[in-house]
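Below: the structure, in structure tokens.
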Amino acid sequence: MAAERTAQDSGFTLLEVVVALVITALAIVGLFQAASGGLLAVSTAGRVEEAIQRAQSHLAAVGRSAALIQGEFTDDDGGGYHWRLRARPIGTRQVAAPDGNATASATLFDVEVAISWPGRSGERSVVLKTMRLSATTGGE
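As structure tokens, then:
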């Protein structure tokens, strides 16, 4: 004998289908959120990497073309990036030259370069710090 279907049995099957569709929709939404989060992370990592390269470039140039001086300097770096360079002396030593006719002055500077850019949740920045020695010579 074949089992007879009642109206209640049909409704229960429809309810199962609706629940399955809701679960599938939630899973798809979760996948899209994960994918968009991954893309955002890749974009952020690229911006951070570029900021680090820019900061390293600024640090490499400190004291190379001109004497290192105390102060804070800022400027636009292009591409939405801004840089800030801060140099402050930590200590100075006077050293006599071997011939006794001249003295040399060596100053150790604390140097900090910050690169900042606007992000989705406010301003982001990368800060690199180092110390640089600046030497000057002069006659007595």
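Going by this note's numbering, the letters in the sequence shown line up with residues 5 to 144, in that order.
In this text, a Cβ means the ideal position worked out from N, Cα and C, and glycines have one as well.
Residue i: CB within 7 Å of a non-hydrogen atom of the ligand GDP
i: A31; result: Summarising the ligand content, the structure contains no ligands, and the ligand GDP is consequently not present.
Residues bridged to residue i (per DSSP)
i: V115; result: A91 and T134
i: G126; result: G123
Backbone secondary structure at residue i - three-state DSSP
i: T140; result: strand
i: S47; result: helix
i: L18; result: helix
i: M5; result: Confidence at M5 is low in this model, with a pLDDT of 48, below 50, so its placement is unreliable and no value can be given for it.
i: A24; result: helix
Euclidean distance between Cα positions of residue i and residue j
i: S69; j: L35; result: 52 Å
i: A110; j: V99; result: 8 Å
i: Q57; j: V23; result: 51 Å
i: T28; j: V21; result: 10 Å
i: G82; j: D114; result: 26 Å
i: A65; j: L30; result: 53 Å
i: Q94; j: S138; result: Just to set this straight, residue 94 is Ile in the shown sequence, not Gln. Approximately 11 Å, taken between the alpha carbons.
i: W87; j: L132; result: 11 Å
i: A101; j: L43; result: 59 Å
i: S61; j: L72; result: 16 Å
| Curious, which full-length beta strand (DSSP E) runs of at least 3 residues does the segment 52-110 contain? | 75-82 and 85-100
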